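Residue numbering for the sequence shown is 43 to 306, as defined by the numbering used here. Beta carbons: idealized from backbone N, C-alpha and C, even for Gly. Treat the numbers as computed from the prediction; the structure is a model and nothing was measured.
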Amino acid sequence: MVPKKWYMGTNTKMYKTIAQTNSFISRLQDVTNDIDRSSFELFVIPSYTTLDSANKCRDKNLVKLGAQNMGWEEQGQFTGEISPLMLSEVGCDLVMIGHSERRHVFMETDEMENKKVKCALAHGFNVLLCIGETEQEKDFGQSDEVLYRQLQLGLLGVSEEDASRVWVAYEPVWAIGVNGKPVEVSYAEEKMTAIRNCLINCFNEGGKEIPIFYGGSVNSENAVPLSRCKDIDGLFIGRSAWDADSFNAIIRDVLEDRKKRSLA
Ligand code: PGA
């Protein structure tokens, strides 16, 4: 059996300047240069203003570049938004849609995420759709319903063919960021299996191939245990990945463990 591709990526949120992003990406490329990219994908999602120079400094064979958000029209009266044409111009491969902070700090709805997903796919990007339940939803036993709703509405109208360019990140809202509580691996595993089943429901066989990542307080301690979950294809990391050497150490630990389990 050919091992499935493994993904590792980071969203640098509103943290790195142009110079900091360039030096982060350059260092990350240097230290991960020897890792075979045929079964491993590395991606970085920095701020809009860094994308042009990040694209020029990156090696496309080593690092995929993503945007943290996108407007759903090519142009128009949408002050403060960035269009798919603008993201193509600066060389993005990937657009992240529906990150928890977009949904909960900036009040984006599933309907808005769906417009962005369809627009990004129509413009040839890979889409990283982020989903996750709040702590209250979890406590009320609503997690699966919330995840199904975010997937079914977020991906409404996406064809089976276009779904091959969709990636999904499962990020429980209560596990994200400085105040996040680390997830129980068994809980994360259960939710990723629920996500896989929902994707199969939506896209038949194609749903089996959509990469699912876990994100939310991933660190050097829990990365390997999380990477052993049944329906996981990668890890999506914030804080613990923002130093290239620390990120590289996590990548190596996970890939080494996968090799031992004959998955890489
Ligand atoms: P964190 O962020 O790893 O710092 O919790 C994850 C995310 O927001 O994607």
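Extent of the continuous beta strand (DSSP E) to which residue 256 belongs: 254-257
For residue 226 and residue 239, the rounded distance between their alpha carbons: 20 Å
Residue 197, DSSP secondary structure in three states: coil
Residue 279: CB within 7 Å of a non-hydrogen atom of the ligand PGA: yes
Touching by the beta-carbon criterion (3+ pairs, under 8 Å), the stretch 188-203 and the stretch 259-273: no
Given residue 278 as reference, the closest of 288, 259, 233 and 215 once Cα atoms are compared: 259
Inter-residue spacing [alpha-carbon to alpha-carbon] between residue 71 and residue 183: 42 Å
Any non-hydrogen atom of the ligand PGA closer than 7 Å to residue 260 Cβ: yes
Beta-carbon proximity of residue 108 to residue 73, cut-off 8 Å: no
Secondary structure of residue 290, DSSP reduced to three states: helix
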